[in-house]
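Counting from 0, one number per residue, gives the positions in the first sequence under numbering that gives the first Met the number 0.
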Amino acid sequence: MIDLKALRDDPERYRDGARKKNSTVDIDRILMLDTERRRLLSERENARAEQRVLEKEAGPQIGKLMKELKTAPGGAKAALEAQIEELRNKPAALKETVQEYERSLQQMEPELEALLLEVPMPPDADVPVGAGSEDNVEIRTWNPPGFDASKSFEENRGFSPKTHVELIRDLGLTDFERGVKMAGARSYVLTGDGMRLHQAVLRYAFDFMVEANGFTPVSVPVVVREECMVGTGFFPTGRDQAYHIEESKRGSGHDLFLTGTGEVGLMGLHEDEILDEETLPRTYTTVSTCFRREAGAAGKDTAGLFRIHQFDKVEQVVICKADEAESREWHTRMIGFVEALLQSLELPYRLLQCCTGDLGQKNADMIDIECWMPGRGEENAKGRPTGAYAETHSASRLYDFQCRRLNLRYRGESTGGKPVVCHSLNNTVLASPRFLIPLLEIYQNEDGSVTVPAPLRGHMGGRERIG
RNA sequence: GGUGGGGUGGCGGAGCGGCUGAACGCGCCGGUCUUGAAAACCGGUAGACCCGUCAGGGUCUCGCGGGUUCGAAUCCCGCCCCCACCGCCA
0 MIDLKALRDD
10 PERYRDGARK
20 KNSTVDIDRI
30 LMLDTERRRL
40 LSERENARAE
50 QRVLEKEAGP
60 QIGKLMKELK
70 TAPGGAKAAL
80 EAQIEELRNK
90 PAALKETVQE
100 YERSLQQMEP
110 ELEALLLEVP
120 MPPDADVPVG
130 AGSEDNVEIR
140 TWNPPGFDAS
150 KSFEENRGFS
160 PKTHVELIRD
170 LGLTDFERGV
180 KMAGARSYVL
190 TGDGMRLHQA
200 VLRYAFDFMV
210 EANGFTPVSV
220 PVVVREECMV
230 GTGFFPTGRD
240 QAYHIEESKR
250 GSGHDLFLTG
260 TGEVGLMGLH
270 EDEILDEETL
280 PRTYTTVSTC
290 FRREAGAAGK
300 DTAGLFRIHQ
310 FDKVEQVVIC
320 KADEAESREW
330 HTRMIGFVEA
340 LLQSLELPYR
350 LLQCCTGDLG
360 QKNADMIDIE
370 CWMPGRGEEN
380 AKGRPTGAYA
390 ETHSASRLYD
400 FQCRRLNLRY
410 RGESTGGKPV
420 VCHSLNNTVL
430 ASPRFLIPLL
440 EIYQNEDGSV
450 TVPAPLRGHM
460 GGRERIG
């Protein structure tokens, strides 16, 4: 959520941000509602203050008169009762006024709140303006020794590569038929070495974040309340991407949702908390199963393990002080962790600066990392794919957008003891089985086997190859 | 799933119709004392929102929502959550 006060002070910044992110949210309607809301608030407060003054005056008098009434002779009772009645009426009249303002407020507030939840975080000034992913800008590429992703796989290795779909089929690493039988389209079963490799890459990435980078390992819920989805910024805009578990027995409003990323659980950890400045930054990592409905992606990437409803992901999040320089620094470092991981596995990749249209609602800035996958891209004359980069990681910088929704703050010396909304960032460490695509395709051999990358062998019982 | 007990400030814990945004204790911060520290003593210590250039003023919040009342942390109704024991169980 954006800061309503900031929007009040500089609406054009948010209008411009919404435009750049292709959002049609009505900023002027928000300003109008906000003005009206403050007017009502102020009126109600004045009436309420007056009411309280009267209460304090009349209250003790009523109490006194009530006592007198008990012992008063019959003839005096009527006069006392009339006096009490009069004292009661004054604040009672104001009560009506207060309630009227409150009803007006209750009528308009849901609309204002709903609109505020839709306002996107304005992109940073240095983010290139663009309509969608086609306008993203390549920052740099990295190639492992002895490999050049700007050339074809065949030129690099001397033979035509199989796609990952062919590799997993030929090596018996998956069983799509039975996956679909049980769970429908985009479902799969990892079998044998497929499952083992999947677990190996996850464990390798998880250990890398904990041991080499000092992140705090945690396990988090993957079934969460709606508040958690709203707080982390995935609702209401992305509601149709989440699996919805109805809890009809308990009435509406208590339904649960499957999380599409460990980010939800990691960021939800400190919802409604005020952290001590000295405990920042918080650096967390988790490995969790992620569920995505992939609504609107019908027919896209239907083959293989690229776009699926359920996968496992090692995720990293950082919660830090509200400081732009620190946010930027962490962003760079979190990307650096992934680069180090990919380099240790010797996989070619590139960094993409996402343009404004591709940032999503929450992000001020986002860098995607794409691994090179020989089995994707345009077909050559023989009808074989020529290879392409495809997204495997996404590093987001959100400033206070997410933490404001979560009501996650910190305080300390630098804030003068006052609570200030934290900044947050997140980045993929490794998502599998998608990650198996570049891994298998790059490490395949001419005889159809796949070499197990050296760093993973410890998690594969020392195996050096599959097949 | 059943039965019982609870939800008050950073924590513990009073309050059970007005004097209570909240006693008291702990913690934390500042000060006195001390060579320094501890102890002791003194003082301070919730959050949100609105108005105001500042100083300051006001409103709301004792799990959440509604009600009763001139007045609610305190009474009533609904909901949520937590704990204990029993049952079931990965």
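C-beta: ideal position from N, C-alpha, C; glycine also.
Query                                                                                                             : Result
Reduced DSSP category for M365 - H, G, I as helix; E, B as strand; rest coil                                      : strand
Outcome for V52 when other beta-carbon atoms lying within 10 angstroms are tallied against a minimum of 16        : exposed
Within the region 170-225, ranges of the alpha helix (DSSP H) (whole runs, at least 4 residues)                   : 175-182 and 192-206
Beta-carbon separation (whole angstroms), E440 vs M372, contact threshold 8 Å                                     : 6 Å
Nearest neighbour of E226, chosen from I318, R404, Q360 and G213 [CA to CA]                                       : R404
Three-pair Cβ contact test at 8 Å for the region 326-344 versus the region 99-107                                 : no
Presumed contact (8 Å Cβ cut-off) between D367 and E390, rounded CB distance                                      : 5 Å
Residues near L161 by beta carbon distance below 8 Å, same chain, minus five either side                          : This sequence places Lys at residue 161; Leu is not what is there. Excluding positions up to five away in sequence, the list reads D169, G374, E440, Q443 and G447.
Buried versus exposed, by CB contacts within 10 Å (16 or more), I138                                              : exposed
Nonlocal neighbours in the same chain, by C-beta distance under 8 Å from A387, ignoring five residues either side : W371, M372, R375, G376 and E377
Reduced DSSP secondary structure (H/G/I, E/B, other) of S149                                                      : coil
Expected contact under 8 Å - CB spacing of M120 and K320 to nearest Å                                             : With a Cβ gap of about 18 Å, M120 and K320 do not count as contacting.
F158, DSSP secondary structure in three states                                                                    : coil
Beta-carbon spacing of Y283, L455 below 8 Å                                                                       : no
Local Cβ density within 10 Å of A92, reported as buried at 16 or more and exposed below that                      : exposed
Residues sharing a beta bridge with W371, DSSP                                                                    : Y388
Within 8 Å, strictly: CB atoms of S423 and V317                                                                   : yes
At least 3 beta-carbon pairs within less than 8 Å: the region 22-36 vs the region 143-162                         : no
Among G411, E112, L438 and T450, the one whose alpha carbon lies nearest that of I273                             : G411
V128 versus C402, Q352 and N425, residue with shortest Cα-Cα distance                                             : Q352
Within 8 Å, strictly: CB atoms of A196 and L32                                                                    : The question names Ala, yet the displayed sequence has Leu at residue 196. No, these two residues do not count as a Cβ contact at 8 Å.
Identity of the residue in D300, M181 and N426 nearest W329 by Cα                                                 : N426
Close beta carbons around S343, own chain, < 6 Å, minus the five adjacent residues each side                      : P454
Burial state of N379 (16 or more Cβ within 10 Å)                                                                  : exposed
Element boundaries [beta strand (DSSP E), containing T285]                                                        : R281 to F290
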